[in-house]
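Enquirer: Residue numbers (the numbering used here): 291 to 478. All C-beta atoms in this analysis are idealised placements derived from N, C-alpha and C, irrespective of residue type, glycine included. Dropping a structure here in structure tokens format, bear with me for questions.
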């Protein structure tokens with residue numbers, strides 16, 4: 291249920307399904323990636339030990355440790371997975387936690403409400419976050435981002451990451467220039 295191979299394999303399957311869709315703001319392209327992310331987030335914890343994914347209640351911990359019972363097994367929610375990744379995966383910083391949380395929330399709104407959440411955002415919103423999160427996770431897992439997401443997706447994602455970084459750099463430079471100008475107008 292929580293073994294690394296099955297979770298990573300499911301992530302691969304969903305990311306592969308995403309590659310069958312257009313990269314130009316296609317809803318299904320985004321949805322398959324968001325579904326795949328769920329399993330990619332869980333894979334590092336499963337690699338360390340499946341019990342990191344087991345809910346505290348019921349027989350879940352027993353099941354994660356190979357003790358089969360008749361009780362139901364439940365996983366921890368995504369927010370717990372994300373917080374645990376910060377302790378397990380080097381480089382899974384607060385910024386990556388925020389990105390992962392935004393992406394899982396987007397997926398939840400899409401899947402659990404009447405809102406067409408993915409239709410309301412473009413690739414330039416979610417794909418840079420996915421690339422940033424996935425880069426950290428695949429480094430920990432020792433796999434290639436391109437092999438997981440596909441060359442075209444990674445290329446597009448990195449272009450969008452660079453564009454975001456340039457916008458942020460520009461915004462910072464404008465704020466600094468504004469502050470310097472303000473300070474220059476001050477009198478004693």
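Give every residue of the same chain whose Cβ lies closer than 8 Å to the Cβ of residue 325, excluding the five residues on either side of it in the sequence, and list them in chain order.
Expert: The answer, listed in chain order, is 304 and 397.
Enquirer: Check whether the stretch 383-395 and the stretch 415-429 are in contact - that is, three or more C-beta pairs closer than 8 Å.
Expert: Short answer: they touch.
Enquirer: What residues in its chain sit with their C-beta under 8 Å from that of residue 424, if we drop five residues either side in the sequence?
Expert: These residues qualify, in order along the chain: 327, 330, 435, 438 and 439.
Enquirer: Contact check, residue 365 vs residue 345 under 8 Å by CB: the rounded distance?
Expert: Indeed, because the Cβ distance is near 6 Å, the residues count as touching under 8 Å.
Enquirer: Who pairs with residue 365 in a beta bridge, going by DSSP?
Expert: Paired residue(s): 344.
Enquirer: Taking 8 Å as the threshold (C-beta atoms), are residue 371 and residue 337 in contact?
Expert: Contact: no.
Enquirer: Report yes if the CB atom of residue 334 is closer than 8 Å to the CB atom of residue 393, and no otherwise.
Expert: No, these two residues do not count as a Cβ contact at 8 Å.
Enquirer: Can you say whether residue 447 is buried or exposed, counting buried as having 16 or more other CB atoms within 10 angstroms of its CB?
Expert: Buried, since its Cβ has 16 or more Cβ neighbours within 10 Å.
Enquirer: Using a Cβ-Cβ cutoff of less than 7 Å, which residues in the same chain neighbour residue 350 once the five nearest sequence positions on both sides are dropped?
Expert: Taken in chain order, the residues that qualify are 344, 363 and 364.
Enquirer: Look at residue 292 and residue 354 and say whether their C-beta atoms are less than 8 Å apart.
Expert: Result yes, Cβ atoms of residue 292 and residue 354 sit closer than 8 Å.
Enquirer: Going by beta-carbon coordinates alone, are residue 450 and residue 379 separated by less than 8 Å?
Expert: It is not a contact, given that the beta carbons lie outside the stated cut-off.
Enquirer: Output the distance between the C-alpha atoms of residue 469 and residue 462, rounded to the nearest integer angstrom.
Expert: The straight-line gap from Cα to Cα measures roughly 10 Å.
Enquirer: State buried or exposed for residue 405, treating a residue as buried only when at least 16 other CB atoms are found within 10 Å of its CB.
Expert: Burial call: exposed.
Enquirer: Below 8 Å between beta carbons: does that hold for residue 302 and residue 443?
Expert: No; because the gap between Cβ atoms is not below 8 Å, this pair is not in contact.
Enquirer: Alpha carbon to alpha carbon, what distance is there between residue 300 and residue 400?
Expert: Straight-line Cα distance between these residues: approximately 20 Å.
Enquirer: I'd like to check one pair, residue 348 with residue 356: are the Cβ atoms closer than 8 Å?
Expert: For residue 356 and residue 348, no; Cβs fall outside 8 Å.
Enquirer: Here's the rule: buried if 16 or more other CB atoms are within 10 angstroms of the residue's CB, otherwise exposed. What is residue 473?
Expert: Residue 473 comes out exposed.
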